[in-house]
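In my numbering, the protein residues as written are 392 to 827.
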């Protein structure tokens, strides 16, 4: 009994210290590192374990795909890909009621195949379209909400950094995970476009804008050809992975090389100064992401010592062994955790805990991976942490509370898609099964 009590105290000490670090504003990577160090020190463990675990956390060939995809996304953005994607989206859907809101959403869907990141999407698309929507007569808070909500697609439609993380932890094929994200990503985008259409019809003055683009087939074809080199990249990545020509990590390197080629020889906008900025930006983002991944691995090791995954499993299966009920309980738990942590940290900590529970309940690993990815992304647009929301407010220069008022309908739509995927596995498994 005393041993059980000590285990519980140690476990909650780790978690308590970590959340205290978050509350006082310590960066996540340092928060998990410090709480892990204190746990090891107070329990008489050799602190060399911490450095070993941190090193092991980043020492993965699969995880090399993350900085490579980040670099590829930065290159594509620096060489004018974003404006060409936005231009094509504008010609394709700009004439529909809702105008630039549809352009914003479709551009995010197309840019998702380039960046693989929600943060990159909201910064790139937001930096270009929020101001344009404001000038066209859209409510600025609404324009920012559309940008933040549509940016979630960046981590769903392949390639996806979150899926690479999930694959590295579980060993599930990253190619199949990528394909599982196609239909859910489209569903999120289409649901948002329907909402934007309804809003534009109900209140054109606030949600439709003054500037209208007339559909012109020739102009649309021209903009498509202009954007084609960028749109081909995800096809190369996914096709190469699924055919076995290269791994996800090699795909990241190929994506970066492809970005350089079209930036220098096709679009001819990739300057030496731009190259320096791109490398520095990619290094900052990659360094931050990989530090979180490595330090969170050490944190997960401490939780494993205290048998935290087993305790969570016992708790959930004690409530029910029904797969549908377990799915609901795990989604709720991940939603709560995702509200206080960034998506990368949440994935590294939660996947080793919940994946074995799902596997034991007979839930398909690809299906559960898609549910986890969607749940973690939901955390990114949900207060109080909501990293995506803070990036959007920084880009748009508006108050966080103003953004939240316009975000709730988009959050509700995302939750609807999440539960549709959770309880209708065919939504995410149809394409992977067809290509198996």
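Glycine included, each C-beta is placed from N, C-alpha and C at the ideal position.
- Residue 439 sits exposed, since fewer than 16 C-beta atoms from the chains shown fall within 10 Å of its C-beta.
- Unbroken alpha helix (DSSP H) runs of no fewer than 4 residues, entirely contained in the stretch 574 to 609, are found at 595 to 598, following chain order.
- In the three-state scheme derived from DSSP, where H, G and I count as helix and E and B as strand, residue 458 is classed as helix.
- Between the stretch 691 to 700 and the stretch 743 to 752, the count of Cβ pairs shorter than 8 Å is three or higher; the stretches touch.
- Under the three-state reduction of DSSP output, residue 804 falls in the helix class.
- Residue 491 sits close to residue 527, with the two beta carbons spaced by under 8 Å.
- Nearest C-alpha to residue 752 among 789, 779, 768 and 704: 704.
- Leaving aside the five residues that flank residue 650 on each side, the residues in its chain whose CB is nearer than 6 Å to its CB run, in chain order, 463, 466 and 467.
- At least 8 Å separates the beta-carbon of residue 762 from that of residue 808.
- The beta carbon of residue 584 sits closer than 6 Å to the beta carbons of 493 and 496 from its chain, once the five residues preceding and following it are set aside; these are given in chain order.
- Put simply, the stretch 655 to 673 does not touch the stretch 602 to 615. Fewer than three CB pairs are less than 8 Å apart.
- A check of alpha carbon separations from residue 768 across 541, 448 and 450 identifies 541 as the nearest.
- When C-beta atoms of the stretch 562 to 579 are compared with those of the stretch 541 to 554, three or more pairs fall below 8 Å, so the two segments count as touching.
- In the three-state scheme derived from DSSP, where H, G and I count as helix and E and B as strand, residue 625 is classed as helix.
- DSSP, read as helix, strand or coil, puts residue 713 in coil.
- Uninterrupted alpha helix (DSSP H) stretches at least 4 residues long and entirely within the stretch 397 to 457 occur at 419 to 433 and 439 to 449, given in chain order.
- CA-to-CA, the gap between residue 409 and residue 795 works out to about 27 Å.
- Residue 715 counts as exposed, since fewer than 16 other beta carbons sit within 10 angstroms of its beta carbon.
- Take residue 503, set aside five residues on each side of it, and the residues of its chain with a beta-carbon closer than 6 Å to its own are 544, 545 and 548, in chain order.
- Beta-carbon to beta-carbon, residue 476 and residue 618 are separated by about 5 Å, close enough to satisfy the 8 Å threshold.
- For residue 507, the CB contacts under 6 Å within the same chain, skipping 5 residues up- and downstream, are 460, 550, 551 and 552 in chain order.
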